[in-house]
Amino acid sequence: MRRALLLLLVLVAGGGWLIAGAGGDLRREHVTSAGVPLDVVHPAADGRRPGVVVAHGFSGSAKLMAPFGDTLAARGYTVVLLDFSGHGATTHPLPDQTASTDASTRALQSDLTAAVTRLRSLPDVDPARIALVGHSMGAGAVTRYAAAHPDITATVAISLPNAVVASAERPARLLTVVGALEFPGFREAATTVAAQRADRELKVVAGVEHITVLYAPETHRATVDWLDRALGGPFDDDAVPFPGRRLAGAALLGLAFLLGFYPLAARLGERRTAPPRARITVTAVATGAAVTRARITVTAVATGAAVVGALTARLLPTTAFPLAIGGYVAAYAAVTGVLLLLYAIRRGHHTPERPTHPRVLTVVPYAVVAIAVPVHLGMTNALPAGARWWLLPIIWAAFALLAYAAERATGGDPVALLAVAAVFVTVLAAAALTGLTHGFVVLVLVPLIGLLLWQTLWSVFLNRFAVPTWVIALTGSIVVTWPLAVTLPLTG
1 MRRALLLLLV
11 LVAGGGWLIA
21 GAGGDLRREH
31 VTSAGVPLDV
41 VHPAADGRRP
51 GVVVAHGFSG
61 SAKLMAPFGD
71 TLAARGYTVV
81 LLDFSGHGAT
91 THPLPDQTAS
101 TDASTRALQS
111 DLTAAVTRLR
121 SLPDVDPARI
131 ALVGHSMGAG
141 AVTRYAAAHP
151 DITATVAISL
161 PNAVVASAER
171 PARLLTVVGA
181 LEFPGFREAA
191 TTVAAQRADR
201 ELKVVAGVEH
211 ITVLYAPETH
221 RATVDWLDRA
231 LGGPFDDDAV
241 PFPGRRLAGA
251 ALLGLAFLLG
261 FYPLAARLGE
271 RRTAPPRARI
281 TVTAVATGAA
291 VTRARITVTA
301 VATGAAVVGA
311 LTARLLPTTA
321 FPLAIGGYVA
331 AYAAVTGVLL
341 LLYAIRRGHH
351 TPERPTHPRV
361 LTVVPYAVVA
371 IAVPVHLGMT
381 NALPAGARWW
391 LLPIIWAAFA
401 LLAYAAERAT
411 GGDPVALLAV
421 AAVFVTVLAA
431 AALTGLTHGF
441 VVLVLVPLIG
451 LLLWQTLWSV
461 FLNRFAVPTW
471 VIALTGSIVV
481 TWPLAVTLPL
491 TG
């Protein structure tokens, strides 16, 4: 027990040190300008320097782009990172769910105007030397802004979604960056735009895709090298800091919460003397073939339920929720959960559960803290703002229903639970590829898979003890729900 406690303390201390030390002695402040939340990062040295506005992508935030603030400020630039409409700490919605209408374009450009205006007003910034850096949706926005404002000295577009925002006439001095593992459309857009003018370049970063390109040291080196050449730098000789420092700290904190969950569950619950409910992997007469058949049956039922859920979710009123993609995904989870639960009820074999001691419910707020704290401190904004406060419990209820149905249908069998999760992700990806929901879903499948694996692992822990099915469902589902509810854009 002492060794486990020591390990947890080391993980927490290590994670805290990595996060707290990111950026070194840079000066930071958080302000709001024209309703746009801004994080301002100043170099340690005094004097007037060039300024850079950094813009995040769809479902991102200023916090997600914080490593670029560290990199650029360490090289002598004053940096402003913004939360676009519908994102991060802002309560102003994005006009549409895909950021593709003229209204959304105007909103993003207005947000950039607020950020650039604030940057130019800072006493340590030379207003004649301003550059822009953006990722994905933000890459399109900064490229469009630079094309309309020739006074922008240089631009870096990372994972540019399409080529329509640039032409052979403008913008000048544009670097396009793309991960070698990104979908072909991103590579094509970056290549096309870079080839339009002699003062543009293309940088392909090996071994990364749409999200990990943000943490690749090569991406950061290419960005500062491009801006140094355009703006007359470098303005500081400091080395480029490791971009994944905050992410590594968040990983250590998450691991600490993960490892701490088992002793917490053991202390609050009671070790089972028999398999939980009607687990299909352990029965007195089960054979290997019988177990396999049972798992295949559950997987087939889950597949049918998920297909029906994906098709009907588009028709339900939840699609009008002011949260991009969130309404569809919540409906998809709820319909799939209802159908899977009906199968579980018809299948029977549900063992009545003993009354729940109130102390067991402690695992639910623990799960909230375990996902929200590492994500907020080391990755992206994880504090609900505006309408997210009432959207969060609705989406949580939908995923809790799905988790409860999966627990009932599988009897808590980890292999079967993983199969249900795999079906859920696969059908959701198919829905995105066929136009039933936003194609952005495909870009975040890896994080979603990670969250579902986390949920399954906690189910394994809780199923070892006398924890009721509904508590397991609430605890596991919040791990998936919280990141969705706080990162998907608010829409109006």
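Residue numbers for the sequence shown follow full-length UniProt numbering, so the first one is 1 and each next one is one higher.
We put the beta carbon where it would ideally sit given N, CA and C, even for glycine.
These numbers were taken from a predicted model, which means no experiment stands behind them.
- For residue 477, the secondary structure class from DSSP, reduced to helix, strand or coil, is helix.
- Residue 406 is positioned such that its CB atom lies closer than 9 Å to that of residue 337.
- DSSP places residue 211 in no alpha helix (DSSP H); its state is neither H nor E.
- When secondary structure is reduced to three states using DSSP, residue 293 falls in the helix class.
- Contact check for residue 374 and residue 253: beta-carbon distance about 4 Å, within the 8 Å limit, so the pair qualifies.
- Residue 25 sits in coil when the DSSP states are folded into three classes, being neither helix nor strand.
- With fewer than 16 other beta carbons inside 10 angstroms of its own, residue 449 counts as exposed.
- Distances from the CA of residue 8 to each of 311, 263 and 73 were compared; the closest alpha carbon is that of 263.
- In the three-state scheme derived from DSSP, where H, G and I count as helix and E and B as strand, residue 449 is classed as helix.
- The beta strand (DSSP E) runs of length 3 or more contained entirely in the region 316-340 do not exist; there are none.
- Residue 188 sits in a helix when the DSSP states are folded into three classes.
- Restricted to the region 381-450, the alpha helix (DSSP H) segments that are unbroken, complete and at least 4 residues in length are 388-410, 414-433 and 440-443, listed in chain order.
- According to the DSSP assignment, residue 157 belongs to the beta strand (DSSP E) that extends over 154-158.
- Counting of Cβ neighbours within 10 angstroms places residue 345 among the exposed residues, the total staying below 16.
- When secondary structure is reduced to three states using DSSP, residue 59 falls in the coil class, being assigned neither helix nor strand.
- Residue 190 sits away from residue 227, with the two beta carbons spaced by 9 Å or more.
- Inclusion of residue 76 and residue 242 in the CB contact set at 9 Å is not warranted, their separation being larger than that value.
- For residue 219, the secondary structure class from DSSP, reduced to helix, strand or coil, is helix.
- In the three-state reduction of the DSSP assignment, residue 314 falls in the coil class.
- In this structure, residue 109 sits near residue 148, with a CB-CB distance shorter than 9 Å.
- The residues 53, in chain order, have a CB closer than 6 Å to that of residue 116 in the same chain once the five nearest residues on each side in sequence are set aside.
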